[in-house]
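Enquirer:
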Amino acid sequence: MYVMGVVLAVPEGNKSEYLAMAKDMGEIFMDHGAIEVLENWEADVPDGENTDLRKAVAAEEGEKIVFSWAIFASKEACDKAHEDMMQDERMKHTPSSMPFDGKRMIMGGFENIYAAGR
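Position one of the sequence shown corresponds to residue 2 (our numbering), numbered consecutively onward.
1) On the three-state DSSP scale, how would you describe F30?
2) Which class does M92 belong to by DSSP, given the choice of helix, strand or coil?
3) For A82, which residues from the same chain have a beta carbon less than 6 Å from its beta carbon, with the 5 sequence-adjacent residues on both sides left out?
4) Can you list, in chain order, the residues of its chain with a C-beta nearer than 7 Å to that of M39? Leave out the 5 residues immediately preceding and following it.
5) As a quick exercise: from D102, I114, G109, V8, pick the residue whose alpha carbon is nearest that of A57.
6) Determine whether the beta carbon atoms of A10 and F101 lie at a separation below 8 Å.
7) For my contact list, A59 and R91 are in at a C-beta cut-off of 8 Å; report their separation, rounded to the angstrom.
8) At which residues does the alpha helix (DSSP H) containing A57 begin and terminate?
9) When burial is assigned at 16 or more other CB atoms within 10 Å of the CB, is R119 buried or exposed?
10) Counting only the same chain and skipping the five closest in sequence on each side, list residues whose C-beta sits under 8 Å from that of M99.
11) If you follow the alpha helix (DSSP H) that K81 is part of, which residue opens it and which one closes it?
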């Protein structure tokens, strides 16, 4: 299992716009091989003394933290999905403005080393 994860800050007032974009992207991810896509809106993100999620994305006043990930069978499947997604016509119709500042988004890919539950 391979997980592509993202943490970003979204202005609270842009929640519905973000969710609409996330649903569109989720469909594209699923169509290109994702096993599961999850979007998570801040409910309890405490401020840390030295570091925290808010500091990681330089969140500004009024922004909420979003923690998202897509699960793929392998890194190779994720890489192929990314390559194929760049050719997908739906990706060519990006909005003129994003509901968040993409320059402060952090992302990474992770190989799963343990899983419990479903």
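Even for Gly, the Cβ is constructed at its ideal location relative to N, Cα and C.
Expert: On the basis of the data shown:
1) Residue numbering aside, residue 30 sits at position 29 when the sequence shown is read from its first letter. F30 falls in the helix class under three-state DSSP.
2) Translated into positions along the sequence shown, residue 92 becomes position 91. DSSP, reduced to helix, strand and coil, places M92 within a helical segment of the structure shown.
3) Here residue 82 is taken as the residue at index 81 of the sequence shown, counted from 1. Only residues of its own chain outside the window of five on either side were considered, and among them H33, G34 have a CB closer than 6 Å to the CB of A82, listed in chain order.
4) The sequence position of residue 39 within the sequence shown is 38, counting from 1. Sequence check: residue 39 is Leu here, not Met. Excluding positions up to five away in sequence, the list reads S69, W70.
5) One-based indexing of the sequence shown puts residue 57 at position 56. For A57, the nearest C-alpha among the options comes from V8.
6) As a first step, residue 10 is located in the sequence shown; it is residue number 9 there, counting from the start. As a first step, residue 101 is located in the sequence shown; it is residue number 100 there, counting from the start. At the C-beta level, A10 and F101 come within 8 Å of one another.
7) One-based indexing of the sequence shown puts residue 59 at position 58. One-based indexing of the sequence shown puts residue 91 at position 90. The pair is not a contact, with the Cβ atoms about 30 Å apart (cut-off 8 Å).
8) Mapped onto the sequence shown, residue 57 falls at position 56. 54-57 is the extent of the alpha helix (DSSP H) around A57.
9) Position 118 of the sequence shown, counting from 1, holds the residue named residue 119. Exposed is the call here.
10) The residue given as residue 99 occupies position 98 in the sequence shown. Correct list, in chain order: M22.
11) Position 80 of the sequence shown, counted from the first residue, corresponds to residue 81. It spans 76-86 - the alpha helix (DSSP H) in which K81 sits, taken as one unbroken run.
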